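Data block below; observations after.
Residue numbers (our numbering): 1081 to 1411.
Encoded structure:
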């Protein structure tokens, strides 16, 4: 698959493009054109060979991505739109958005919400998105961090389980703050937001459920699987940005690398770092998508790679389980 070049129309407002450039042009000896080594220093032949081999592996991975389960998921994501949502699904998504925003306003008055709000205000940033419970605005990633933390500050937010009763955690506290912050930054419509949140639920819940749900990862491995909803947040944000299939997958890989959390916060005193886990996952979803839009690359296939987003000790668990879900069952 060729590296992204040129410009892409980013956001719900197509007048806000982001330049996407390929990496530095490499010459035949493996160095960057226009960049000469320091005087007196020879080019390291071993480093050059390693660089060429890594580039070749990347090309092979990209070529084999089309036809994979992950690419099918990304293709599905890029085709989603509000108009094709069943009425009851759209209504439920709207209720989830309003419920989660209300939880964020309540949580902003609690210790975790107050502290994270002050932190975000101190960090500054472009005034792109609302910080709930505050007169301040901040950059979309930092607003998602604050609102995701506040929204889970006292466990008022909704939980989710699949139809076969596999718990997947608190997706709304991650997906809604991420999607809402980026939708505001990009001047998206309410319909765009509802579609993105629905997609985020679809992806995050499926990934966690096919790895066995909350119990195995929490009980056997000490991992908080709810943080994997950062994958859903990344897909929601990538959809709002209008990214293509490969950049949806880059966004997911970049998000999950920032957000996987341990189970230890369940034993804390004041429910602060557990709330921070959801805020960090929301931040990761926004950051992953925005970086992918800017041309930042990651694993082509975090879902199916060895040691990818699988249950610890079970390489390719997501790949093997995902293939048991027929594409026809998707919305």
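C-beta atoms are modelled at their ideal positions from N, C-alpha and C, and glycine is treated no differently.
Just so we're clear, the structure is a prediction, and the values are computed from it rather than from any experiment.
- Distances from the CA of residue 1291 to each of 1248, 1158, 1168 and 1227 were compared; the closest alpha carbon is that of 1248.
- Under the 10 Å beta carbon count, residue 1147 is surrounded by fewer than 16 other beta carbons and is classified as exposed.
- Residue 1250: not part of any alpha helix (DSSP H); DSSP gives it neither H nor E.
- Per DSSP, reduced to three states, the secondary structure at residue 1342 is strand.
- The way I'd put it, the region 1181-1189 does touch the region 1216-1236; three or more beta-carbon pairs between them come closer than 8 Å.
- Within the same chain, 1091, 1092, 1259, 1262, 1263, 1266, 1268, 1272, 1273, 1276 and 1369 come within 8 Å of residue 1320 by CB-CB distance, once the 5 residues on both sides are set aside.
- Cβ-Cβ separation between residue 1362 and residue 1254: approximately 5 Å, consistent with a contact (criterion under 8 Å).
- Here the C-alpha atom of residue 1171 lies approximately 35 Å from the C-alpha atom of residue 1204.
- With contacts defined by Cβ atoms closer than 8 Å, residue 1364 and residue 1332 do not form a contacting pair.
- For residue 1217, the CB contacts under 8 Å within the same chain, skipping 5 residues up- and downstream, are 1207, 1208, 1209, 1210, 1211 and 1223 in chain order.
- Residue 1181 and residue 1160 have their alpha carbons spaced roughly 24 Å apart.
- Around residue 1288, the same chain offers 1248, 1305 and 1308 as residues with beta carbons nearer than 6 Å, after the five sequence neighbours per side are excluded.
- Within the same chain, Cβ atoms closer than 7 Å to the Cβ of residue 1151 are found at 1145 and 1325, the five residues on either side in sequence being excluded.
- Distance from the CA of residue 1330 to the CA of residue 1194, rounded to the nearest whole angstrom, comes to 33 Å.
- Residue 1279 is not a Cβ neighbour of residue 1378, given a cutoff of 8 Å.
- For residue 1191, the enclosing alpha helix (DSSP H) stretches over residues 1191-1203.
- For the pair residue 1367 and residue 1168, the Cα-to-Cα distance works out to about 31 Å.
- When C-alpha distances from residue 1371 are compared across 1239, 1246, 1270 and 1337, the shortest belongs to 1337.
- Counting C-beta atoms within 10 angstroms of its own C-beta, residue 1281 has 16 or more neighbours from the protein chains shown and is therefore classed as buried.
- As the crow flies, the alpha-carbon of residue 1384 is around 12 Å from that of residue 1153.
- The beta carbon of residue 1310 lies closer than 6 Å to those of 1335, 1336, 1339, 1361, 1364 and 1365 in the same chain, with the five residues before and after it left out.
- Taking C-beta atoms as the reference points, residue 1239 and residue 1232 fail to come closer than 8 Å.
- Rounded to whole angstroms, residue 1236 and residue 1164 show a C-alpha spacing of 31 Å.
- Distance from residue 1283 to residue 1322 at the Cβ level is roughly 17 Å; contact not present, criterion being Cβ atoms closer than 8 Å.
- Apart from sequence neighbours up to five positions away, the residues of its chain that approach residue 1376 with a beta-carbon distance below 8 Å are 1330 and 1334, ordered along the chain.
- Between residue 1350 and residue 1191, the CB-CB gap stays under 8 Å.
- The alpha-carbon of residue 1374 is positioned some 10 Å away from that of residue 1327.
- In this structure, DSSP gives residue 1263 a helical state, which the three-state scheme calls helix.
- Excluding five sequence positions before and after residue 1314, the CB atoms of its chain that fall closer than 6 Å to its own CB belong to 1331, 1332, 1335, 1365, 1368 and 1369, given in chain order.
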